[in-house]
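Taken in sequence, the protein lines are chains R and S.
Number 67 in my numbering belongs to position 59 of the first sequence; there are no gaps in the numbering.
Number 80 in my numbering belongs to position 68 of the second sequence; there are no gaps in the numbering.
The structure appears below as structure tokens.
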Amino acid sequence: AQSVAQPEDQVNVAEGNPLTVKCTYSVSGNPYLFWYVQYPNRGLQFLLKYITGDNLVKGSYGFEAEFNKSQTSFHLKKPSALVSDSALYFCAVRDRSYGNNRLAFGKGNQVVVIP
Amino acid sequence: DGGITQSPKYLFRKEGQNVTLSCEQNLNHDAMYWYRQDPGQGLRLIYYSQIVNDFQKGDIAEGYSVSREKKESFPLTVTSAQKNPTAFYLCASSQDRAYGYTFGSGTRLTVV
């Protein structure tokens, strides 16, 4: 089984401050991990992914995420938030086991960046 | 450019009608997926297909049907048996497990 938890419904942050969106996961084996962003009435856009290698992954629009195996976490971060970062953010996981081609998504976090 | 095209962007359905949402991809991806999104409920999987002429039910398949006659196309029919179809519907495709999904821009279905 695979699942994702995004514990906060909404994250409020002042423009220019660091932004963190939390994600923890559960898989039987080793994970592939992904972050997506969704703007209103749009599809999900890929931000970054962890497959293997360096635990710190850098992605689009200045975002990065750190894979922590011991804490089963993959938190999304941005050093300085912009008003345009206000959106819905989804974390997703896929177990590496053969034949598993489905992603499990978290429920999403609404990020509000306050000018 | 390669991508996924969902049409129409907005769709209105009368009570008791079947409607079909289109999803076409030119990414040469094997797997395709349909999700339903409601406010505060995240993404819920309706159906998915890993190969042409084969598909599986997801978590909320009741009241929906799909076909996968071509690799590029994965249409979703919302039948009259779906009692609460008003939602945002997202189609996605994937090539392999390490790739993640590519999403379409969605169809907003409203019952009138």
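Yeah, the Cβ is synthetic: ideal placement off N, Cα and C, and Gly gets one too.
Alpha-carbon spacing of residue i relative to residue j, whole angstroms
i	j	result
residue 59 of chain S	residue 104 of chain S	11 angstroms
residue 140 of chain S	residue 123 of chain S	This structure leaves residue 140 of chain S out entirely; chain S is present only between 13 and 124.
residue 110 of chain R	residue 55 of chain S	13 angstroms
residue 90 of chain S	residue 117 of chain R	28 angstroms
residue 44 of chain S	residue 38 of chain S	12 angstroms
residue 84 of chain S	residue 20 of chain S	17 angstroms
residue 25 of chain S	residue 66 of chain R	43 angstroms
residue 6 of chain R	residue 87 of chain R	Chain R is shown only over 9 to 123; residue 6 of chain R falls outside these bounds and no answer can be derived.
residue 115 of chain R	residue 29 of chain S	30 angstroms
residue 9 of chain R	residue 122 of chain R	38 angstroms
residue 28 of chain R	residue 81 of chain S	43 angstroms
residue 52 of chain R	residue 74 of chain R	21 angstroms
residue 72 of chain R	residue 50 of chain R	22 angstroms
residue 13 of chain R	residue 31 of chain R	6 angstroms
residue 121 of chain S	residue 78 of chain R	42 angstroms
residue 55 of chain R	residue 92 of chain S	37 angstroms
residue 73 of chain S	residue 88 of chain S	11 angstroms
residue 57 of chain R	residue 41 of chain S	19 angstroms
residue 57 of chain S	residue 89 of chain R	31 angstroms
residue 39 of chain R	residue 22 of chain S	36 angstroms
residue 98 of chain S	residue 31 of chain S	12 angstroms
Bridge partner(s) assigned by DSSP for residue i
i	result
residue 82 of chain S	S:85
residue 117 of chain R	R:97
residue 21 of chain R	R:121
residue 89 of chain R	Answer by DSSP bridge pairing: none, since residue 89 of chain R is not bridged.
residue 39 of chain R	R:103
residue 64 of chain S	Per DSSP, none; premise fails for residue 64 of chain S.
residue 35 of chain S	S:18
residue 66 of chain R	R:72
residue 110 of chain S	Partner(s): none; residue 110 of chain S has no beta bridge.
residue 83 of chain R	R:74
residue 103 of chain S	S:46
residue 29 of chain R	R:84
residue 90 of chain S	S:31 and S:76
Buried versus exposed call for residue i [16 or more other C-beta atoms within 10 Å across all chains shown]
i	result
residue 18 of chain S	buried
residue 120 of chain R	exposed
residue 47 of chain R	exposed
residue 91 of chain R	exposed
residue 15 of chain R	exposed
residue 103 of chain R	buried
residue 76 of chain S	buried
residue 63 of chain S	exposed
residue 119 of chain S	buried
residue 108 of chain S	exposed
residue 71 of chain S	exposed
residue 14 of chain S	exposed
residue 114 of chain S	buried
message: So, does the region 56 to 66 of chain R touch the region 21 to 36 of chain R, judging by three or more C-beta pairs under 8 angstroms?
response: These segments do not touch.
- request: Could you tell me whether the region 87 to 103 of chain S touches the region 46 to 53 of chain S, where touching means 3 or more Cβ pairs closer than 8 angstroms?
  value: The answer is yes - the region 46 to 53 of chain S touches the region 87 to 103 of chain S, with three or more Cβ pairs under 8 angstroms.
field: Cβ-based contacts, 7 angstroms cut-off: residues of the region 103 to 120 of chain R near chain S
entry: Within the region 103 to 120 of chain R, those residues whose Cβ lies closer than 7 angstroms to any Cβ of chain S are, in chain order, 104, 108, 109, 110, 111, 113, 114, 115 and 116.
task: Please list the residues of the region 97 to 108 of chain S that have a C-beta atom closer than 9 angstroms to any C-beta atom in chain R, keeping them in chain order.
output: Answer set for the region 97 to 108 of chain S: 100, 102, 103, 104, 106 and 108.
- request: Could you say if the region 96 to 116 of chain R and the region 40 to 50 of chain R meet the contact criterion of at least three C-beta pairs nearer than 8 angstroms?
  value: Verdict: yes, contact present.
message: To be precise: take each residue of the region 57 to 86 of chain S, compare its Cβ to all Cβ atoms of chain R, and keep it if any distance is under 9 angstroms. Which residues remain?
response: Answer set for the region 57 to 86 of chain S: 57, 60, 62 and 70.
- request: Compile a chain-ordered list of the residues in the region 43 to 66 of chain R whose CB is closer than 8 angstroms to at least one CB of chain S.
  value: Per Cβ criterion, the list reads 44, 49, 50, 51, 52, 53, 54, 57 and 59.
task: Mind checking the region 30 to 42 of chain R against chain S and listing, in chain order, the residues whose C-beta falls within less than 8 angstroms of any C-beta there?
output: For the region 30 to 42 of chain R, which is checked against every Cβ of chain S, the residues closer than 8 angstroms are 40 and 42.
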